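Working notes, structure below.
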Amino acid sequence: MHEGVPAYLAQLLRAQYGEETAERIAQGYAAQRVVTLRANPLKTDAQTVRERLAAQDIETSPVPWYADAMIVRGAREDALTGLDLYERGEIYLQSLSSMIPPLLLGAKPGENVLDMAAAPGGKTTQIAALTGNQAMVTACEMNKIRAERLRYNVQRQGATRVTVMNIDSRNLDDLFSFDRILLDAPCSGSGTVQLGSPRSKGQFSREFLSRTTKQQEALLHKALRLLRPGCEMIYSTCSVLAQENEEIVSRVLRKTGALIVPLELAAFDSVPRLPVSIPGTLCVAPDELHEGFFVAKIRRMK
Ligand code: SAM
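In my numbering, the protein residues as written are 13 to 314.
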């Protein structure tokens, strides 16, 4: 296995995927990740963003499954964060994989949407953009400083129908009820490891994994209590470990009677995938364009 992969993570990857796929994941960790962004249709449009970036000698290429997304090969993040476009919230720097859950959530204008783990707000503001500010979005974040960051990003992106709550979403009153829920759960970050990067910040120990999986399970149970019967939610993590993904989903589905809704993935052919043990879910393989990510759609039955 590639040098630098934390030993406990390497052990879990080998046990889950076998040597060959674990090595492919490690190569993804070693790849230099390319900058990607999303044009914000609440403020501008993708063509204008492309032209404005080209005027600064920043070339972009399109993403086949999302007209607002673009790949920026020739520039580093700090070249973009210095631009007016960024300051005015006309773009949002976001990994391609993390744009997938809001697309698959499919929120519609007029719906009441809950984002249970929202900061810094990439997906919250994307839901606002995808619904043209016509859905009511409640965005929860338990960490005070991160909740401030979320408020700032929501405001800068012009997401006018988002209510930010600085709260542990496990403590939300069960009297609330939502038409759609995104649970982008806190996780080990095993999909986002970047070998050699000081910004790589996954955590890998038996104790950490045990703590985080307990949180994930409690959050998913809560989500299914807050979701209106018959409605659908997305569970996602930036982890490629079954312990945080399929195992959580399977346990909670068994206890609640909720069902998996197979994801519509026809448009996502270009996204590299890892094998999953629940058909109809998605696990993105890390590579230079993608972080590792897991996505499942779940319907509450009763
Ligand atoms: N969805 C975010 C985005 O796209 O920008 C990324 C979310 S990050 C994976 C998880 C976030 O959930 C962290 O900011 C963490 O502080 C927060 N969090 C963890 N447990 C939580 C809980 N029980 N209630 C609310 N927020 C929580």
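Glycine included, C-beta positions come from ideal geometry on N, C-alpha and C. Note that the structure is predicted; figures quoted are calculated from it, not measured.
CB of residue i within 8 Å of CB of residue j, strictly
i    : j    : result
L275 : V307 : yes
I112 : R50  : no
L231 : A197 : yes
V61  : L24  : no
S251 : G208 : no
N124 : E153 : no
L301 : V46  : yes
Q169 : A140 : yes
R240 : S189 : yes
A297 : I70  : no
L142 : P114 : yes
Q146 : G122 : yes
I260 : E229 : yes
S110 : F305 : yes
L65  : T72  : yes
A270 : R311 : yes
Best match in the options for proximity to residue i [C-alpha to C-alpha]
i    : options                : result
L195 : S202, Q215, T150, F220 : T150
T268 : C250, L253, R237       : R237
T48  : L105, F280, D186       : L105
L253 : A22, H14, E15          : A22
V283 : R211, L108, A58        : L108
L286 : I139, N257, A87        : N257
K120 : Q138, G134, A58        : Q138
P291 : G304, K309, A297       : K309
P53  : A27, T172, D80, V75    : D80
R88  : M128, V75, Q44, A129   : Q44
R211 : E219, F220, G201       : G201
V273 : M245, I260, E32        : M245
K234 : D191, D185, V176, Y78  : D185
T293 : D299, L277, E303       : L277
H14  : E32, A270, M128        : E32
G144 : T172, M313, Q255, G40  : T172
C243 : M148, D191, G101, Q206 : D191
Proximity test, Cβ basis, 8 Å: residue i and chain B
i   : result
E63 : This model lacks chain B altogether, as it is built from one protein chain only.
Limits of the unbroken beta strand (DSSP E) element including residue i
i    : result
F306 : 305–311
Range of the contiguous alpha helix (DSSP H) that encloses residue i
i    : result
L294 : No alpha helix (DSSP H) holds L294; the beta strand (DSSP E) holding it covers 294–296.
R218 : 218–238
G208 : Segment: none, G208 is in no alpha helix (DSSP H) and carries neither H nor E.
Q23  : 19–42
(message) My parser needs the beta strand (DSSP E) runs of 3 or more residues fully inside the stretch 117–193; what are they?
(response) 124–127, 148–152, 174–177
(request) Within the stretch 52–116, note down every full beta strand (DSSP E) run reaching 3 residues or more, in order along the chain. (result) 73–75, 78–84, 103–105
(message) As an exercise, report each continuous alpha helix (DSSP H) stretch of at least 4 residues that is fully enclosed by the stretch 240–271, in chain order.
(response) 258–268
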